[in-house]
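S.K.:
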Amino acid sequence: EAQVTQNPRYLITVTGKKLTVTCSQNMNHEYMSWYRQDPGLGLRQIYYSMNVEVTDKGDVPEGYKVSRKEKRNFPLILESPSPNQTSLYFCASSKRVRLAGGHYHTDTQYFGPGTRLTVL
Amino acid sequence: GEDVEQSLFLSVREGDSSVINCTYTDSSSTYLYWYKQEPGAGLQLLTYIFSNMDMKQDQRLTVLLNKKDKHLSLRIADTQTGDSAIYFCAESPSYNTDKLIFGTGTRLQVFP
Chain Y
2 EAQVTQNPRY LITVTGKKLT VTCSQNMNHE YMSWYRQDPG LGLRQIYYSM NVEVTDKGDV
62 PEGYKVSRKE KRNFPLILES PSPNQTSLYF CASSKRVRLA GGHYHTDTQY FGPGTRLTVL
Chain D
430 GEDVEQSLFL SVREGDSSVI NCTYTDSSST YLYWYKQEPG AGLQLLTYIF SNMDMKQDQR
490 LTVLLNKKDK HLSLRIADTQ TGDSAIYFCA ESPSYNTDKL IFGTGTRLQV FP
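Which chain is which? The protein sequence lines are Y and D, in order. So the first sequence is numbered by our numbering: it starts at 2 and just counts up by one. So the second sequence is numbered by our numbering: it starts at 430 and just counts up by one.
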């Protein structure tokens with residue numbers, strides 16, 4: 002079954018204690034992305050990756066790190082979590098499609114089930 | 430700015446039509462999307478429309494695109510209680526077609 006998995010689904014931690022949220026997809030997608038969802042703000046992109054060893058900042062990258070050593074995995078790392086990082090986090094993946102004119106476009110994004118993080 | 434705007438709540442009676450509206454920012458956006466988020470779950474793509482189209486129909490769903498006003502709408506016919514969810518519109522801006530900019534989401538509540 003084609004899917005995006007995230008672990009853990011729920012996490013309560015304390016300020017400053019490093020944590021990693023894993024994300025894995027089995028669809029051989031080039032593109033992967035992390036979002037956070039906060040009430041009234043919708044989804045905001047944290048980091049994205051267009052392929053192995055290629056990552057770039059999204060709209061709210063401060064306080065986060067990512068790596069893309071393998072195509073299927075895209076972990077999100079919080080080196081020193083703070084309470085303002087309490088949120089619902091989603092990982093997503095998609096194919097990249099080449100459009101006429103040579104531009105690339107990310108196709109339908111498939112989302113993981115979410116990780117609810119609370120930082121005390 | 431890059432704000433994609435939606436109203437936060439919509440409440441409809443079962444069997445009525447629902448219309449969820451969205452205003453996006455980039456008049457050159459190539460693709461515009463509607464995603465659905467059910468309680469406790471991730472987002473799932475409902476439908477999308479390419480920028481050279483004005484309308485797209487898919488069973489109970491109708492998407493209307495007004496490029497002049499940068500306005501996108503999703504109409505759900507014969508709304509059911511199972512349609513209760515948060516609906517997000519998203520645009521793929523022309524300056525970065527690898528990016529998706531999401532709206533704030535509209536919570537649709539369907540009551541019997």
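Note that CB positions come from ideal geometry on N, CA and C, so glycine has one too.
Taking 7 Å as the threshold (C-beta atoms), are Y:Val5 and Y:Ser94 in contact?
M.R.: By 1-based counting over the first sequence, the position of residue 94 of chain Y is 93. By 1-based counting over the first sequence, the position of residue 5 of chain Y is 4. Closer than 7 Å, so yes.
S.K.: Quick check on D:Asn495: does DSSP put it in helix, strand or coil?
M.R.: Position 66 of the second sequence holds residue 495 of chain D. D:Asn495: strand per DSSP, three-state reduction.
S.K.: Quick one: using the 10 Å Cβ neighbour count with 16 as the cut-off for buried, is D:Tyr516 buried or exposed?
M.R.: Here residue 516 of chain D corresponds to residue number 87 of the second sequence, with the count starting at 1. That one is buried.
S.K.: Looking at the structure shown, is D:Asn450 part of a helix, part of a strand, or coil, going by DSSP?
M.R.: Counted from its first residue, the second sequence places residue 450 of chain D at position 21. Looking at D:Asn450 - three-state DSSP - the assignment turns out to be strand.
S.K.: How far does the beta strand (DSSP E) with Y:Thr56 in it reach, from first residue to last?
M.R.: Mapped onto the first sequence, residue 56 of chain Y falls at position 55. Looking at the DSSP string, the run of the beta strand (DSSP E) that includes Y:Thr56 is Val55 to Lys58.
S.K.: Chain Y partners of D:Thr533, CB-CB under 8 Å?
M.R.: By one-based count along the second sequence, residue 533 of chain D stands at place 104. What D:Thr533 touches in chain Y: Gly41, Leu42 and Gly43.
S.K.: For a contact meaning CB atoms closer than 9 Å, what does Y:Met51 contact in chain D?
M.R.: Counted from its first residue, the first sequence places residue 51 of chain Y at position 50. Correct list: Asp527.
S.K.: Quick check on D:Val539: buried or exposed, where buried means 16 or more other Cβ atoms within 10 Å of its Cβ?
M.R.: Along the second sequence, read from residue 1 onward, the residue named residue 539 of chain D stands at position 110. Result: buried.
S.K.: Among D:Val433, D:Thr459 and D:Glu467, which one has its Cα closest to the Cα of D:Asp512?
M.R.: For the purposes of this step, residue 512 of chain D is identified with residue 83 of the second sequence, where counting begins at 1. Selected option, being the one with the closest Cα: D:Glu467.
S.K.: Mapping DSSP to helix, strand and coil, what is D:Gly511?
M.R.: Taking the second sequence and counting its residues from 1, one reaches residue 511 of chain D at position 82. Of the three classes helix, strand and coil, the one that applies to D:Gly511 here is helix, per DSSP.
S.K.: For Y:Asn85 and D:Leu494, what's the separation of their Cα atoms in angstroms?
M.R.: For the purposes of this step, residue 85 of chain Y is taken as the residue at position 84 of the first sequence. For the purposes of this step, residue 494 of chain D is taken as the residue at position 65 of the second sequence. So the alpha carbons of these two residues sit roughly 36 Å apart.
S.K.: For the 8 Å Cβ check, are there 3 or more pairs between the segment 432-445 of chain D and the segment 480-495 of chain D?
M.R.: Contact fails: fewer than three Cβ-Cβ distances are below 8 Å.
S.K.: Counting only Cβ pairs nearer than 8 Å, list the residues of chain D close to Y:Thr107.
M.R.: Taking the first sequence and counting its residues from 1, the one referred to as residue 107 of chain Y is at position 106. Residues of chain D passing the Cβ test: Ser521, Thr526, Asp527, Lys528 and Leu529.
S.K.: Starting from Y:Val5, trace the beta strand (DSSP E) both ways and give me its first and last residue.
M.R.: Mapped onto the first sequence, residue 5 of chain Y falls at position 4. Y:Val5 -> beta strand (DSSP E) spans Val5 to Asn8.
S.K.: Is it right to say D:Gly469 is buried, meaning 16 or more other beta carbons lie within 10 angstroms of its own, or is it exposed?
M.R.: Along the second sequence, one-based indexing puts residue 469 of chain D at 40. It is exposed - the Cβ of D:Gly469 has fewer than 16 other Cβ atoms within 10 Å.
S.K.: The ligand COA and D:Leu437: does the residue's C-beta get closer than 6 Å to at least one heavy atom of that ligand?
M.R.: For the structure depicted, the ligand COA is absent and the ligand set is empty, with no information on it obtainable.
S.K.: Name the residue from D:Ala514, D:Trp463 and D:Lys485 whose alpha carbon lies nearest to the alpha carbon of D:Leu529.
M.R.: Here residue 529 of chain D refers to the residue found at position 100 when the second sequence is read from its first residue. Selected option, being the one with the closest Cα: D:Trp463.
S.K.: Using a Cβ cut-off of 7 Å (strictly closer), state whether Y:Gly64 contacts chain D.
M.R.: For the purposes of this step, residue 64 of chain Y is identified with residue 63 of the first sequence, where counting begins at 1. No, Y:Gly64 lies away from the interface with chain D (no Cβ there is under 7 Å from its Cβ).
S.K.: Between which residues of its own chain and Y:Leu20 is the CB-CB distance below 7 Å, once the five residues before and five after are set aside?
M.R.: Reading the first sequence from its first residue, position 19 is the one you call residue 20 of chain Y. Around Y:Leu20: Leu12, Thr14, Leu79 and Pro82.
S.K.: Please state if the CB of Y:Gln46 and the CB of Y:Gly59 are separated by a distance shorter than 7 Å.
M.R.: The residue labelled residue 59 of chain Y in the question sits at position 58 within the first sequence. The residue labelled residue 46 of chain Y in the question sits at position 45 within the first sequence. Contact: yes.
S.K.: Label D:Leu501 either buried or exposed according to how many other C-beta atoms from any shown protein chain fall within 10 Å of its C-beta, with 16 as the threshold for buried.
M.R.: Here residue 501 of chain D refers to the residue found at position 72 when the second sequence is read from its first residue. Flag for D:Leu501 reads buried.
S.K.: Any residues in the segment 457-486 of chain D with a beta carbon nearer than 9 Å to a beta carbon of chain Y? Which ones, in chain order?
M.R.: Per Cβ criterion, the list reads Thr459, Tyr460, Tyr462, Tyr464, Gln466, Gly469, Ala470, Gly471, Leu472, Gln473, Leu474 and Tyr477.
S.K.: Counting only beta-carbon separations shorter than 7 Å, does Y:Phe91 have a partner in chain D?
M.R.: Stepping through the first sequence from its first residue, residue 91 of chain Y is reached at position 90. By this cut-off, Y:Phe91 is an interface position.
S.K.: At the level of alpha carbons, what is the spacing between Y:Phe91 and Y:Trp35?
M.R.: Here residue 91 of chain Y is taken as the residue at index 90 of the first sequence, counted from 1. Here residue 35 of chain Y is taken as the residue at index 34 of the first sequence, counted from 1. Their backbone Cα atoms lie some 6 Å apart in a straight line.
S.K.: Leaving out five residues before and five after D:Asn450 in sequence, what residues of the same chain have Cβ atoms less than 6 Å from its Cβ?
M.R.: Walking along the second sequence from the start, residue 450 of chain D turns up at place 21. Counting only Cβ-Cβ distances below 6 Å, and skipping sequence neighbours, we find Ser502.
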